[in-house]
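Before any comments, here is the structure.
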Amino acid sequence: MLKCGLLGRKLGHSYSPAIHGMLSDYSYQLFEREPEELEDFLLHGDWDGINVTIPYKKSVLPYCRELSPLARELGSVNTLVRRRDGSLFGDNTDAYGFESLVRKSGIDPRGKKALVLGSGGASVTVAAVLKRLGAARVIVISRSGQDNYGNIQKHADAQIIANTTPVGMYPNNGQAAVDLRVFPHCEGVLDVVYNPARTALLLQAEELGIPRAGGLYMLVAQAKRSSEIFTGSSIPDSEIERIEHILSAQMQNIVLIGMPSSGKSTVAAALGERLGRPVYEADALIEEEAGMDIPAIFAAHGEGRFRELETEVLKRLGALSGAVISTGGGCVTREGNYAPLHQNGRIVWLLRDTDKLEKTGRPVSLKSDLHELYARREPMYARFADVKADNNGSIEDTLARIKEALE
Numbered sequence: 001m002l003k004c005g006l007l008g009r010k011l012g013h014s015y016s017p018a019i020h021g022m023l024s025d026y027s028y029q030l031f032e033r034e035p036e037e038l039e040d041f042l043l044h045g046d047w048d049g050i051n052v053t054i055p056y057k058k059s060v061l062p063y064c065r066e067l068s069p070l071a072r073e074l075g076s077v078n079t080l081v082r083r084r085d086g087s088l089f090g091d092n093t094d095a096y097g098f099e100s101l102v103r104k105s106g107i108d109p110r111g112k113k114a115l116v117l118g119s120g121g122a123s124v125t126v127a128a129v130l131k132r133l134g135a136a137r138v139i140v141i142s143r144s145g146q147d148n149y150g151n152i153q154k155h156a157d158a159q160i161i162a163n164t165t166p167v168g169m170y171p172n173n174g175q176a177a178v179d180l181r182v183f184p185h186c187e188g189v190l191d192v193v194y195n196p197a198r199t200a201l202l203l204q205a206e207e208l209g210i211p212r213a214g215g216l217y218m219l220v221a222q223a224k225r226s227s228e229i230f231t232g233s234s235i236p237d238s239e240i241e242r243i244e245h246i247l248s249a250q251m252q253n254i255v256l257i258g259m260p261s262s263g264k265s266t267v268a269a270a271l272g273e274r275l276g277r278p279v280y281e282a283d284a285l286i287e288e289e290a291g292m293d294i295p296a297i298f299a300a301h302g303e304g305r306f307r308e309l310e311t312e313v314l315k316r317l318g319a320l321s322g323a324v325i326s327t328g329g330g331c332v333t334r335e336g337n338y339a340p341l342h343q344n345g346r347i348v349w350l351l352r353d354t355d356k357l358e359k360t361g362r363p364v365s366l367k368s369d370l371h372e373l374y375a376r377r378e379p380m381y382a383r384f385a386d387v388k389a390d391n392n393g394s395i396e397d398t399l400a401r402i403k404e405a406l407e
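Given below as structure tokens:
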């Protein structure tokens, strides 16, 4: 069996082993190595083929006896194969991955002015692909070069924005390298970051109605091409879509919203058990951090302070992947809670007849007419929700409706 893997300095949680496990039957490990360990690993390590990530895509070049024409042109290697004579062959499959992402997105660079955010190894690859796909001009934006974030307004006529920086990548969710409002002619936004599924840049593109695409499809596509190089066999392009669909479903959170006592906690627990996912209760975490229950928080500090605590908790929960998250009934009253929940999640609005809702232990419900409260919040729930699920029947019926809605 071939021994393959991913080489980098700090890899953390990587989806690469799962992807390669769905592509072929070789072993695939994570190899974290410090710079002083690089040479020994490349020359004497026990591996047959490896992918290379930050910060070694250029560092491995001198160890390659042969480079593919593309790797030589880009000066960047992300795929290495050890040949029978022990020599190393270097290739670059990031270009294939990014080109696949662009074509899948439907964003057409032909004749357009494109900005590439970042000047690292990924930037070189992305810029080359955009030129190859017919972009009229490709401008690389760096921190200190001629074209930088301080003078980016001079490129306000840009039509394509491609982010190759780690800005907004987990765990630094919520950040964006640029404000898209600077670019009134923007027709497409591409982000090579895949965790979260929707970076702050992509969320703003969504808000502005700009076509957009995140980096998960690119990750799978480049892995598919790497696997072909490792094994010398061809893999149908349809595998990219299949694997990307599986990973996307696994990575995205299921977020439950709805009126107080609409059954979010019960449904969340059942979903977690059914799907084998961790379950997080936003209200329970707020109480834990505040050291008091929610009625006491309202009594001591008022609803305003409670909502602040709620937003802090939702930002942390929304940055997770593959979880079931039960929110408080009023989380939708703050528009700022939408992006943290939406960045990595499908938001499910649980519907329960108002006459079946309870007030006990719920400060806002206790002082409200529930019909009036629902009337005020209904458009807010609709704004947040990706799908709806009726929760007036059995738990099994509700789970079936959620499954059907999400699919």
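With this note's numbering applied, the sequence shown corresponds to residues 1 to 407, in that order. Even glycine gets a Cβ: it sits at the ideal position worked out from N, Cα and C.
In DSSP terms, what residue i is bridged to
{"i": "residue 31", "result": "7"}
{"i": "residue 349", "result": "257 and 388"}
{"i": "residue 310", "result": "BP columns for residue 310 are empty, so no partner."}
{"i": "residue 89", "result": "66 and 81"}
{"i": "residue 51", "result": "6 and 79"}
{"i": "residue 163", "result": "117 and 191"}
{"i": "residue 123", "result": "According to DSSP, which records beta bridges pairwise, residue 123 is partnered with nothing at all."}
{"i": "residue 148", "result": "142"}
C-alpha distance - residue i paired with residue j, whole-angstrom precision
{"i": "residue 369", "j": "residue 283", "result": "22 Å"}
{"i": "residue 156", "j": "residue 114", "result": "11 Å"}
{"i": "residue 52", "j": "residue 249", "result": "26 Å"}
{"i": "residue 47", "j": "residue 64", "result": "15 Å"}
{"i": "residue 130", "j": "residue 186", "result": "15 Å"}
{"i": "residue 292", "j": "residue 308", "result": "15 Å"}
{"i": "residue 358", "j": "residue 244", "result": "41 Å"}
{"i": "residue 34", "j": "residue 200", "result": "31 Å"}
{"i": "residue 6", "j": "residue 12", "result": "11 Å"}
{"i": "residue 382", "j": "residue 106", "result": "28 Å"}
{"i": "residue 128", "j": "residue 110", "result": "13 Å"}
{"i": "residue 254", "j": "residue 338", "result": "14 Å"}
{"i": "residue 304", "j": "residue 190", "result": "37 Å"}
{"i": "residue 202", "j": "residue 343", "result": "9 Å"}
{"i": "residue 21", "j": "residue 104", "result": "23 Å"}
{"i": "residue 290", "j": "residue 364", "result": "18 Å"}
{"i": "residue 198", "j": "residue 251", "result": "12 Å"}
{"i": "residue 406", "j": "residue 267", "result": "15 Å"}
Helix, strand or coil at residue i [DSSP, three-state]
{"i": "residue 131", "result": "helix"}
{"i": "residue 337", "result": "helix"}
{"i": "residue 65", "result": "coil"}
{"i": "residue 210", "result": "coil"}
{"i": "residue 237", "result": "coil"}
{"i": "residue 315", "result": "helix"}
{"i": "residue 21", "result": "helix"}
{"i": "residue 364", "result": "helix"}
{"i": "residue 176", "result": "coil"}
{"i": "residue 321", "result": "coil"}
{"i": "residue 39", "result": "helix"}
{"i": "residue 280", "result": "strand"}
{"i": "residue 326", "result": "strand"}
{"i": "residue 137", "result": "strand"}
{"i": "residue 220", "result": "helix"}
{"i": "residue 110", "result": "coil"}
{"i": "residue 98", "result": "helix"}
{"i": "residue 225", "result": "helix"}
{"i": "residue 298", "result": "helix"}
Buried versus exposed, by CB contacts within 10 Å (16 or more), residue i
{"i": "residue 196", "result": "buried"}
{"i": "residue 341", "result": "buried"}
{"i": "residue 172", "result": "exposed"}
{"i": "residue 62", "result": "exposed"}
{"i": "residue 414", "result": "Shown here, the chain extends from 1 to 407; a query on residue 414 therefore has no answer."}
{"i": "residue 182", "result": "exposed"}
{"i": "residue 121", "result": "buried"}
{"i": "residue 56", "result": "buried"}
{"i": "residue 146", "result": "exposed"}
{"i": "residue 400", "result": "exposed"}
{"i": "residue 85", "result": "exposed"}
{"i": "residue 76", "result": "buried"}
{"i": "residue 288", "result": "exposed"}
{"i": "residue 54", "result": "exposed"}
Any C-beta of chain C under 8 Å from that of residue i
{"i": "residue 273", "result": "Included in the structure is just one protein chain, with no chain C present."}
Contact test: residue i Cβ vs the ligand SAM heavy atom, cutoff 7 Å
{"i": "residue 131", "result": "Only the bare structure without any ligand can be found here, which leaves the ligand SAM out of the picture."}
Would you call the segment 215-229 in contact with the segment 93-100, where contact means no fewer than 3 C-beta pairs closer than 8 Å? Touching, yes.
Three or more C-beta pairs closer than 8 Å, one from the segment 366-383 and one from the segment 243-260: is that the case here? At 8 Å Cβ cutoff, the stretches touch.
Are the segment 1-12 and the segment 22-30 touching, with three or more C-beta to C-beta distances below 8 Å? Yes: at least three Cβ pairs fall under 8 Å.
With a cut-off of 8 Å, do at least 3 Cβ pairs link the segment 204-213 to the segment 222-229? Touching, no.
If you pair each beta-carbon of the segment 114-133 with each one of the segment 157-164, do three or more pairs fall below 8 Å? In this structure the segment 114-133 touches the segment 157-164; the number of beta carbon pairs closer than 8 Å is three or more.
The segment 385-403 contacting the segment 340-354, beta-carbon criterion three pairs below 8 Å: Per the Cβ contact rule, the segment 385-403 is in contact with the segment 340-354 (3 or more Cβ pairs under 8 Å).
Tell me, please, whether the segment 319-336 touches the segment 268-284 by the rule of three or more beta-carbon pairs shorter than 8 Å. When C-beta atoms of the segment 319-336 are compared with those of the segment 268-284, three or more pairs fall below 8 Å, so the two segments count as touching.
Taking contact to mean 3 or more Cβ pairs, one atom from each stretch, closer than 8 Å, check whether the segment 79-97 and the segment 224-233 are in contact. Per the Cβ contact rule, the segment 79-97 is in contact with the segment 224-233 (3 or more Cβ pairs under 8 Å).
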